[in-house]
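Under UniProt numbering, the first residue of the sequence shown carries the number 1, and numbering increases by one thereafter. Okay, so here's the structure we're looking at.
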Amino acid sequence: MPTPPYRQIADDLRRRILDGDLPPGAVVPSENALVEQYGVAAETARRALAVLAAEGLTEARRGSGTRVRSFRPILRQAGKRLAAEQWGSGRSIWQADLDQRPMTVDRATVAEQPCPARIAESLGLEEGAAVWVRDRRYLVEGVPVMLATSYLPAGLVAGSAITRPDSGPGGTYARLAELGWAPVAFREQVRARMPLPEEAEALQLGAGSPVVLIVRFAFARDGVPVEVNEMTLDASRYLMEWEFPA
């Protein structure tokens, strides 16, 4: 089958971006410019631009048109960020990812709630049992990159700093260690899908932009589950890396 015209235009623009002809921050030719340059209909040009936006190569900026994304991807190294020497020394696990870039947390809420059915079995609890839920949105250089919701058994963490928005140096895992429930093992499940409407709004995603879902399970001694953390990441903002011995 011949390649549709909008795909041909997207391929041409993608090559220019990857070759550096259109560097990060550069203005991408507008819909009208593409119509004139390639002799296509406006809808064809619009679809070509939508392809690049869906691939995370471009972003629309109010008042300045569409530009090549200049955000440097976040390198997420699961083994490094979850190592005990990271959170055990009072550093946030986020510091392992950011290479000194500024990170902020907003929309943070912490509350005791009934445990959802999908979480209860993983925590060894009955559905509806009390859990503390930590819900946050993370921004890097002012850009929303991840939503995270942690669930922890109320019987383990009640009265601790984990039940406050700022859990202190080293975060939740350092506080669990102080309570005698230091995580000694983790398991993560990863999958991708299109975002729900509320996720797209919270992460300021363009049309067609996917998300990566990571569910992390943390275990203390004797395999006792101490946390389930559901994370929704803007797929275009991350580069994920796993390193392990042969």
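Just so you know, even glycine gets a beta-carbon here, dropped at the ideal spot from N, CA and C.
From this set, the options, which residue's C-alpha is nearest residue i's C-alpha?
| i | options | result |
| --- | --- | --- |
| Ala33 | Gln86, Ser70, Asp21 and Thr44 | Thr44 |
| Pro153 | Val211, Glu201, Gln113 and Arg14 | Gln113 |
| Asp135 | Val40, Thr3 and Asn229 | Asn229 |
| Gln86 | Pro183, Pro197, Arg191 and Arg237 | Pro183 |
| Ile93 | Leu82, Glu55 and Arg101 | Leu82 |
| Asp106 | Ser70, Leu147 and Ser167 | Leu147 |
| Ser70 | Gln100, Leu18 and Cys115 | Leu18 |
| Ala129 | Val143, Gly180, Ala108 and Tyr151 | Tyr151 |
| Gly223 | Ser122, Ala174, Val40 and Ala158 | Ser122 |
| Pro245 | Val211, Gln8 and Gly79 | Gly79 |
| Pro24 | Pro197, Val68, Pro225 and Val35 | Val68 |
| Tyr6 | Leu22, Glu31 and Ala26 | Glu31 |
| Thr104 | Glu199, Arg46, Pro165 and Leu156 | Pro165 |
| Leu213 | Arg221, Ala192, Ala220 and Glu198 | Ala192 |
Under the three-state reduction of DSSP, which class applies to residue i: helix, strand or coil?
| i | result |
| --- | --- |
| Ser150 | strand |
| Thr3 | coil |
| Val212 | strand |
| Phe113 | A quick correction: the sequence has Gln, not Phe, at residue 113. Three-state result, Gln113: strand. |
| Pro245 | coil |
| Glu230 | strand |
| Leu139 | strand |
| Glu127 | coil |
| Val157 | helix |
| Asp166 | coil |
| Asp106 | strand |
| Trp94 | coil |
| Leu176 | helix |
| Leu86 | Here residue 86 turns out to be Gln, not Leu, going by the sequence shown. DSSP places Gln86 in helix when its eight states are reduced to three. |
| Pro197 | helix |
If you drop the 5 nearest sequence neighbours on each side, which residues of the same chain put their C-beta closer than 6 angstroms to that of residue i?
| i | result |
| --- | --- |
| Val215 | Gln189 and Glu230 |
| Gly170 | Trp87 and Gly90 |
| Gln77 | Glu241 |
| Pro116 | none |
| Tyr38 | Ile9 |
| Ala218 | Pro183, Phe186, Val226 and Glu227 |
The ligand MN and residue i: does the residue's C-beta get closer than 7 angstroms to at least one heavy atom of that ligand?
| i | result |
| --- | --- |
| Ala148 | The ligand content of the structure shown is nil, which means the ligand MN is not present either. |
CB-CB under 8 angstroms to residue i, same chain, minus the five flanking residues each way: which ones, in chain order?
| i | result |
| --- | --- |
| Val145 | Ile74, Tyr138, Leu139, Leu203, Leu233, Asp234, Arg237 and Tyr238 |
| Ser64 | Val27 |
Within its chain, find whatever has a CB closer than 7 angstroms to the CB of residue i; leave out the 5 residues flanking it on each side and keep chain order.
| i | result |
| --- | --- |
| Met194 | Pro210 |
Cβ contact check for the region 205 to 212 and the region 42 to 61: 3 or more pairs under 8 angstroms: yes
Contact between the region 52 to 66 and the region 3 to 21 (3+ Cβ pairs under 8 angstroms): yes
Runs of beta strand (DSSP E) wholly within the UniProt domain "HTH gntR-type" (3 to 71) (minimum 3 residues, chain order): 58 to 61 and 65 to 68
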